[in-house]
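My numbering numbers the first residue of the sequence shown as 21 and each following residue consecutively.
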Amino acid sequence: MLRTTSNQGRAVRVIGIGEVLWDLLPEGKTLGGAPCNVMVNLARLGYDAGFITAVGADELGTTARDALVAFGLDTSFVATVDRPTGRADVIVNENGVPEFRLAADAAYEAIDLSAADVELIATSNPRAMIFGTLALCSPTVRRSTAALARALPDALRVYDVNLRVGLWDEELIRDASGMATVIKVNEEEAKVLAPILEAPWPGREAFSRALADRQGVRTVAITAGSRGASLLLDGEFAEAPAPVVEIVDTIGAGDAFTAAMVDGLLRGWPSEKVLARSISLGSLVASRPGAMSPWTADDLRELEERTAARLS
């Protein structure tokens, strides 16, 4: 079983590539960006988490870089570019569900890895690579992500879909899915992507098996908020309900699910155990404001114990 430290005592390396941005909420700004959220949670889980992105030469960029360092991320490949740091106006509805209005021409769209960059990142032997859809709208980001995926043939390559209205197309979805060994979607996204990826939707299990066969991936995860989630792992399918928590907002909950899923996959856990931990961490984050609210191992364990007691 893999641990978050290697046989030499070093933390296991994982990397993410994509957007970092400020979510501008009514109560103030919080750092976000789906792949960034995943990496912060992986760092909290004990991994050597490196993040590849870009910020502007502005106050938001300086603050973002400082925050990434404070969260424990390796920022060696966080570039500073002549564009404004990413930001998104966020409106949260009465059910805690956010709507994002993203600023255009953001710094993260300028991610552009050279061949030497890719080679250097690959030599650090990442065991997992995380990416999403939004940043791939940029041709340089898509090219950089594809090059990195090719350079890491033995790593988990995790595509956390996270569709944003008007910021994706069918070709992008096919390209991104082709880079992946793990695909994670929410249920609404799965129904949208079913015809695009030729994986019919009569339900979670049938879709997951069709997608795994069609795309050649080993893992498909589908989240459904308060209705729980499912996981297909190497042909073994599991479903589980969500814990009962008071939802503050759902910002970053799916990203926390992804981080816990990556942890479980790297540890070699069976599908039911991976899924239970992933749902628990996603629910814990949903019970707190913002995508990166602090949590501890004790917080997670307490929620898991409460859930187990309720289901027993």
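Don't be surprised by glycine CBs; every beta carbon is placed ideally from N, CA and C.
Check your understanding: Should M149 and A130 be called a contact, given that it needs their Cβ atoms to be closer than 9 Å?
Key -> With contacts defined by Cβ atoms closer than 9 Å, M149 and A130 do not form a contacting pair.
Review point. How is the alpha helix (DSSP H) around P261 delimited, first residue to last?
Key: Run containing P261: none; DSSP gives neither H nor E here.
Point to revise | Residue environment, G186, which counts as buried when at least 16 other CB atoms sit within 10 Å | key: G186 should be labelled exposed.
**Study point:** Helix, strand or coil at S298 according to DSSP, with G and I counted as helix
**Key:** helix
Practice item. Could you tell me which of A241, A63, K293 sits nearest to V178, measuring between CA atoms? Key: Measuring from the Cα of V178, the nearest candidate turns out to be A241.
Point to revise | Continuous alpha helix (DSSP H) stretch holding F277: start and end | key: Going by DSSP, F277 is part of the alpha helix (DSSP H) stretching over 273-287.
Exercise for review: On a CA-only basis, which of M312, D132, D283, T160 is nearest F91? Give me that one, please.
Suggested key: M312
Review point. On the three-state DSSP scale, how would you describe S164?
Key: helix
Point to revise | Backbone CA spacing between S300 and F277 [nearest angstrom] | key: 8 Å
Check your understanding: A127 and R103 look like a contact to me (Cβ under 8 Å); what is the Cβ gap, rounded to whole Å?
Key -> At roughly 4 Å, the Cβ-Cβ gap stays under 8 Å, so A127 and R103 are in contact.
Review point. CB T82 to CB V40, shorter than 9 Å?
Key: no
Review point. Who are the near neighbours of I37 in its chain, counting only those whose CB is closer than 6 Å to its CB and skipping five residues on each side?
Key: I72, F151, T165
Practice item. Just mark G245 as buried or exposed, buried being the case when its beta carbon has 16 or more other beta carbons within 10 Å. Key: buried
Practice item. Put F91 into one of helix, strand or coil per three-state DSSP. Key: coil
Review point. Just reading off the alpha helix (DSSP H) that D109 is part of, what are its end residues?
Key: Looking at the DSSP string, D109 is not in any alpha helix (DSSP H); the run it does join, the beta strand (DSSP E), is 106-112.
Point to revise | Candidates G236, I111, A306: closest to G248 by CA position | key: If we check each option's Cα against that of G248, A306 comes out closest.
Point to revise | Span separating the alpha-carbon of R121 from that of V110 | key: 6 Å
Review point. Distance, Cα to Cα, A232 vs L295?
Key: 17 Å
Exercise for review: Following the continuous beta strand (DSSP E) through S228, name the residue where it begins and the one where it ends.
Suggested key: Here S228 belongs to no beta strand (DSSP E); instead the alpha helix (DSSP H) covers 224-235.
Check your understanding: Where does S250 fall in DSSP's three states?
Key -> strand
Practice item. Can you have a look at P146 and say buried or exposed, based on whether 16 or more other CB atoms are within 10 angstroms of its CB? Key: buried
**Study point:** Reference L286, options L176, E259, S298, closest by Cα
**Key:** L176
Check your understanding: Counting along the chain, where does the alpha helix (DSSP H) carrying N182 start and finish?
Key -> Looking at the DSSP string, N182 is not in any alpha helix (DSSP H), and its letter there is neither H nor E.
Check your understanding: How many Å lie between R23 and W289 at the Cα?
Key -> With a pLDDT of 40 at R23, under the threshold of 50, the modelled position of this residue cannot be trusted; read the value that follows with caution. Distance between the alpha carbons of R23 and W289: 11 Å.
Check your understanding: E39 lies in the beta strand (DSSP E); which residues open and close that run?
Key -> Premise fails: E39 is in no beta strand (DSSP E) and is neither H nor E.
Exercise for review: Go ahead and pull the three-state DSSP assignment for P159.
Suggested key: helix
Check your understanding: With 16 other CB atoms within 10 Å as the buried threshold, where does N27 fall?
Key -> Per-residue confidence for N27 stands at a pLDDT of 45, beneath the threshold of 50, marking its modelled position as unreliable; no derived number is given.
**Study point:** One or two residues paired with N206 in a DSSP bridge
**Key:** T243
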